[in-house]
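In this text, residue positions in the sequence shown follow our numbering: the first is 14, and each later residue adds one.
For every residue, glycine included, the Cβ atom is placed at its ideal position computed from N, Cα and C.
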Amino acid sequence: MLFERDNELDRLATLAAGLNDGSGRIVALGGEAGIGKSSLLEEFARRLPDRIDCFWGMCDALFTPRPLGPVQDVAEAMLGSGSSWRNEPGAGLFHLILAELKSRREPAVVIVEDAHWADAGTLDFIRFLGRRISLCPILLIVSFRDDEVDRDHPLRRVFADLPASRLDRLGLAPLSLEAVKQLSAESDRDAERLLEITGGNPFFVSEIVSSGSESTARVPESVQDAVASRLARLEDSHRAFLEALSLIPVPIEPGLHGSWIEDHEKWVEQSLRAGVLVQDNEGRLKFRHELARLATSQRCSALELVRLHEQHLALMLEQPNRFAAGEIVHHAKGAADAKAVLTYAPMAGAQAAHLGAHAEAAAYYETALDFIDEAAPEQAAELYDNWAYEAGIAINIDDRVIDARRHALTLWRALGRTDKIAENLRFLSRLHWYRGEAAQANRYLDESISLFEQLGDADRLAMAYSMRSQMLMLGSRMEDAIEWGQRAIATAGDPASVDVRVHALNNIGTAKLFLGREDGISDMRESLEIALKHNMHEDAARVYTNFSEYAVDLRKLQLAEEILEEGIAFDIEHDLDSWTFYLRGRLAQLRIEQGKLTEARAIAESVLEQPGQTMLMRLPARIMLARILLRQGAAGAQSMLEQARADSLKTAEVQYQIPVLLAMLEKAWLVDDPELAREAFTSLARISGDQFSHWGGGEYAFWLHLNGLDRPHDLGALPEPFQQICEGDPIAAAEMFDHLGSRYLAALCRGVSDDTTEISRALADLQDQGAQPAITRLTAIATGRGVARDTLKVPRGPYAAARANAYGLTAKEQVVLGMIAEGWSNAGIAERLSRSPRTVEHHVSSILQKLEVENRIAAMLKAQQDPELSQRLSKVEIQ
């Protein structure tokens, strides 16, 4: 029986009834362990109309979470128990479930329980489905223990990414004294004392009441005491049976029901009748309350726990095909069974990696590494290889990852495996490049190529050649990069292996694009198509990274928007943190080009705040943040620029050094510092002209022109807008930059013209962007030419609320947008806010212009899908 949950049940019922409009809602159901979340959901599901199906997914407290476990629970219930969907990687399975939900004639409820234990893939599923909630009539309910989800927990970030207008937060409150009195009415317990020691937690109360003790001298002070009291009254075999089952955090297969315990079938029946255990339709058991399971397991001594894990493991190994490898690993680890861990942890790791759950894959391999002393040398070397790869792409590239590769290298050398030695040298080269250690990276790669050439292994030699192509491309030696990439494909034979072709085409395409050759696009798209088709996650991430960098640098901003959105979603979906942060640095660069400095700053700062990143993963964001702070005239700009310059020099790659030096030229112009301009100019002059990309060379010429410096290089024909301003036609240049979407550069071009109308327009645009230093500089230039100060229309700064908003929305506009996102009409908004319809029309028109959308529907979708907007709108109150 539920107490004091009528309001929550009514709210859930109302939300379910409202699904008939074709769109869905999300409920974040929070509360401490034992507060009654599961009981509430079970009662809600029981009351649902027959036409509404309810699909459940459970997160389990395994040492390593089941990759996509709850998603597979939902898929099995929704798509059937056939195997057609089981081999789908995470993204494919997400789309299958979404397609099924969209095709249903009646609404549905999807419940993900205990999301505080969710693996990264399941969190991505919640984000994926939640951000498309307006597309299908479902109620997505996510329950979690709010006392285990702190502000840094990844589930918090998932909720922040969901459309605020579609998200309802329900928190379950503790029971009142009146409810505790009702619960304890048939016992001799003091209700006030019960409330005091349980805090009104329904589980704590019910467990203490059901303990049945007649003693009133001492009331148990924790759930551990309550469970202990209850178990103490059971027969020894019954208690041993429950203790055995308490080690299993997932639904318990009938074959694991403690068959070695006397009368275990009787104890199953009695435990079900007493409500200690519950049973699903497939005969699997679980404790009714997770706290009861934990409290029961904590009664066992360390030796007893090992013995029980051994018993479960023995049963599982009799029929290992019945159980997931990850579940076997759970008990093998608990039993300290090295042989079983070393057998099944690599299997579980490989399965997780295939699903795109690279963080879980790394965790499984790390479990195996705990028993590395028991492994044969070859198996140990493979484990080091696999863990280093998965940890390197899903966690961070720290000294442990480098050390693991070196351990593997030592073992392979002892085994005389030249092929593996060469392969690890190639991977070490990549890892040191990530850390900005270019000299070591090139040395390891040279050694790898030399060994592969001796071995005559065409495929692996081809991959090493492709790696050389990549290093040359990263060093801005594009013609050489193309040559080595083509050499790699030729070496691999006809047809080249998938691995070689996808890697080499990426290098070749990137190099071509930065040389201004549009045929590189087809190479990039082919590389991406192959990578996605064959679930080559890291290769796909590399295409997204290089393609987005090209699109931003060459001012193909709409293409950049599409690639970055798709690439970041892909990286997050597949635990590719090493790539995600890099791409977000490029997203910050895109926002800078678009003149969205506030949003760009938030993105760059969020990347730099993430712990455990290598210098190279941080560098794009650091360079961008330095430029943002310069353009905003913010504190810390100089120190950030100095740090970016120091880091770029460590990489020995001009692709990082050039943008830092261009930022120095920009600063020199903004503050009118000829000495700083000459310093940056001197450093840039040392870089060969052919190492500038086509558009990078154009920006170089642009800043030299504004600083009154001559070009030391023959940069060839510049991109048209840069050519126009360098030839003295800033208005034509501004119009071209406007067409490209480069607001900041367009404003600067207008600002250095002789037309006071255009200068005023530039100042207004820069004011809207928050670029005060450029306003100050352009005003000084204009007045220095004799333009009267009062002829320049410098607009008043935006209100504080607009400055704080990435899109420049005022506080009132944020309120109106929030109401638009909830489906209010203009007339309804006017009535609710006590404003005239014409005033609301003005607000809506301004919102559409600032969001750069054409209509209310587009504004609604943007408000729901853009995390920056949805987070802010959720905090805005109608006054």
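- Distance from the CA of Val513 to the CA of Ile502, rounded to the nearest whole angstrom, comes to 7 Å.
- Of the candidates Ala348, Glu317 and Cys313, Ala348 places its Cα closest to the Cα of Met329.
- In the structure shown, the three-state DSSP call for Lys806 is coil.
- Taking a cut-off of 8 Å on C-beta distances, the segment 648 to 663 does not touch the segment 604 to 618, as fewer than three cross pairs fall below it.
- Rounded to whole angstroms, the separation of the alpha carbons of Asp552 and Leu396 is 22 Å.
- DSSP places Phe594 within a helical segment (H, G or I) once states are collapsed to three.
- Trp273 is classed as exposed because its beta carbon has fewer than 16 other beta carbons within 10 Å across all chains shown.
- Judged by pairs of C-beta atoms under 8 Å, the segment 771 to 780 does not touch the segment 626 to 642, as fewer than three such pairs exist.
- Contact check for Leu111 against Arg145 passes: the beta carbons are separated by less than 9 Å.
- Taken in chain order, the complete beta strand (DSSP E) segments of 3 residues or longer contained in the segment 83 to 146 are 121 to 126.
- Assigned with DSSP and collapsed to three states, Ser701 falls in coil, not helix or strand.
- With a beta-carbon spacing of about 15 Å, Val162 and Arg140 fall beyond the 8 Å limit used to define contacts.
- Taking C-beta separations shorter than 6 Å and ignoring five residues to either side along the sequence, the partners of Tyr457 in its chain run Leu438, Leu441 and Ser442, following chain order.
- Beta bridge pairing from DSSP links Ala41 with Val155 and Arg182.
- Excluding residues up to 5 positions away in sequence, Leu603 lie with their Cβ nearer than 8 Å to the Cβ of Glu574 in the same chain.
- Taking all protein chains shown into account, Glu191 has fewer than 16 neighbouring C-beta atoms within 10 Å of its C-beta and is therefore exposed.
- When beta bridges are read from the DSSP output, Lys299 appears opposite Val291.
- In the three-state DSSP reduction, Cys762 falls in the helix class (H, G or I).
- The beta carbon of Asp751 is closer than 8 Å to those of Ala759 in its chain, skipping five residues each way along the sequence.
- With a threshold of 16 other beta carbon atoms within 10 Å, Asn20 falls short and is exposed.
- Of the candidates Phe384, Ala401 and Glu466, the residue whose Cα lies closest to the Cα of Ala374 is Ala401.
- Our two residues, Glu542 and Ser510, have alpha carbons roughly 15 Å apart in a direct line.
- Taking all protein chains in view, the Cβ of His718 is crowded by 16 or more other Cβ atoms within 10 Å, so the residue is classified as buried.
- For the 9 Å CB-CB criterion, Leu28 and Ser52 do not form a contact.
- A direct Cα-to-Cα measurement between Glu826 and Val866 gives close to 15 Å.
- Runs of the alpha helix (DSSP H) lying entirely within the segment 579 to 653 and spanning at least 4 residues, in chain order: 590 to 606, 610 to 621 and 628 to 645.
- Excluding five sequence positions before and after Cys739, the CB atoms of its chain that fall closer than 8 Å to its own CB belong to Ala714, Phe715, His718 and Leu731, given in chain order.
- As summarised for the segment 736 to 798, the continuous alpha helix (DSSP H) elements at least 4 residues long and confined to that stretch are 743 to 753, 756 to 764, 769 to 782 and 785 to 797, given in chain order.
- Using a 10 angstroms sphere on the CB of Ser766, the tally of other CB atoms reaches 16 or more, which defines it as buried.
- Rounded to the nearest angstrom, the gap between the Cα atoms of His251 and Ala241 is 13 Å.
- Between Tyr595 and Arg59, the alpha-carbon positions lie close to 47 Å from each other.
- When C-alpha distances from Gln283 are compared across Leu255, Ile265 and Pro267, the shortest belongs to Leu255.
- For Ile521, the three-state secondary structure derived from DSSP is helix.
- In the three-state scheme derived from DSSP, where H, G and I count as helix and E and B as strand, Phe68 is classed as strand.
- Comparing C-alpha distances from Gly134 to each of Asp159, Leu185, Glu101 and Ile151 shows the shortest one belongs to Glu101.
- In the three-state scheme derived from DSSP, where H, G and I count as helix and E and B as strand, Ile265 is classed as strand.
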